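Numbering (the working numbering), first residue to last: 399 to 911. Ideal Cβ positions, reconstructed from N, Cα and C, are used throughout, including at glycine. Predicted model, so just to flag it, every value in this text is computed and none were measured. Take a look at the structure set out below.
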């Protein structure tokens, strides 16, 4: 039996319900049953007039009315069961009612399309499919707080605004029942400014708190996976993917770009992820700025850092079996393949360990490098620029951390220190910090003046091979009775399909034989 013969059910109250019935009538659609949830908020007289008009109309348009009693306990599953398509409208923010109707539609495998006024704005969609795809809660948990006005008007929807939303969902209903192969606005919601009567559709990803997420799983055969060759992802692919994750309305990233950041001497790019744990509406995480030798590099670094910050917020959910003090030791690494993601996660773990050392009562002692042999092009450029801007800089090494090198740079009366998988990467980090004047060391290291390291070679770090670095790092950790634990995450539930992967990384203690 076709949907037209089955008819549709419109649920709701207020001006927007009347507008929906009028839009339905004017569009010459077929049978509609109207279920009024609150008669006090609805102009029942006008609704009755419209009902009479459909009875006297020669077309096959019919409009039936049902009204709920004030104290009636509604069985939504029984109410929606006879119908194949459900429309829900509200202008008074009855979110619990909307959720109840939606749950009933999911249980009865009914399509549903809502349109509501909420926090001073209008919202239509998403279209709920029988399998549960298009969940309204996913869209709601993706909308950023900046979308909504700080001062909300008492009168939420004008007649014109109610008409826009009503006409919109009637149009979308018609597209759904005509069996279009792919609905243009699948997993999208329409946001309307009720004062300006302007709006647009916005894509959203299913939210992990709604569509469920998989717990992190320990990776098996880690070294074997790290040895595999992985095809390089082109800048065009990852750039497009980051753009698709960015939206000031519903994006995983609220912003991703250069903005008004100064682009000399280093290219800079910022990212501001949405907080996946915040609710109604979404708050934003702190802005992250990353630098690079080129704009492409800065863009990529900031994008990956944004993904890592986003996933790090839900570590308590993904690693729920870990006690809180162990969760603090977990770092998230993101990349375009497993070696890059695990490598970034391992570097983040080392940075955490350096932070712990800096907070301890033990002083940090460093030794100046008398004649550093710098072969790395990036380090040479960073040092040249730093010398031009701030005068001659001092480069020093500190005590190795778990066998990994720590390199310090003294510039403009401040110390900048880093630990990394190699001397070259550690020096790069410290020079970048000195150039951007970020992450200054709170407690200055003690420089040993009676002894200098005569020669350390900072070899060329290009191309960056995470595979060889990580295999070497595993051996280094073993010598310090440590090992690397890597956990697989379901990336599809985090940000859908795309070139990015993320892993959880922990530095663990080697078990005694």
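Asked: Stretch pair the segment 859-871 + the segment 592-605: three plus CB contacts closer than 8 Å; Found: no
Asked: With 16 other Cβ atoms within 10 Å as the buried cut-off, status of residue 626; Found: exposed
Asked: Environment of residue 876 [buried if 16+ CB atoms lie within 10 Å]; Found: exposed
Asked: Opposing strand residues paired with residue 907 [DSSP bridges]; Found: 880
Asked: 9 Å Cβ cutoff met for residue 628 and residue 736; Found: yes
Asked: C-alpha distance - residue 409 paired with residue 485, whole-angstrom precision; Found: 6 Å
Asked: Spatial neighbours of residue 437 in its chain, beta-carbon cut-off 6 Å, leaving aside the 5 residues before and after; Found: 465
Asked: Neighbour-count burial assignment, residue 849, 16 or more Cβ in a 10 Å radius; Found: exposed
Asked: Residue 529 beta carbon less than 9 Å from that of residue 547; Found: no
Asked: DSSP beta-bridge partners of residue 512; Found: 486
Asked: Alpha-carbon to alpha-carbon, residue 439 and residue 420; Found: 17 Å
Asked: Neighbour-count burial assignment, residue 728, 16 or more Cβ in a 10 Å radius; Found: buried
Asked: Residue span of the beta strand (DSSP E) that contains residue 668, given as start and end; Found: 665-671
Asked: Separation of residue 558 from residue 564, as counted between CA atoms; Found: 10 Å
Asked: Beta carbon of residue 672 nearer than 9 Å to that of residue 708; Found: yes
Asked: Cβ-based burial, residue 635 [other Cβ within 10 Å; buried from 16]; Found: exposed
Asked: 7 Å Cβ shell around residue 784 - same chain, five flanking residues per side excluded; Found: 791, 809, 829, 832, 833
Asked: Backbone secondary structure at residue 587 - three-state DSSP; Found: strand
Asked: Alpha-carbon spacing of residue 732 relative to residue 893, whole angstroms; Found: 12 Å
Asked: Beta-carbon proximity check, residue 509 vs residue 534, cutoff 9 Å; Found: no
Asked: Cβ neighbour criterion (16 or more within 10 Å) applied to residue 693; Found: exposed
Asked: Residue nearest to residue 856 in terms of C-alpha spacing, selected from 827, 822, 716, 882; Found: 822
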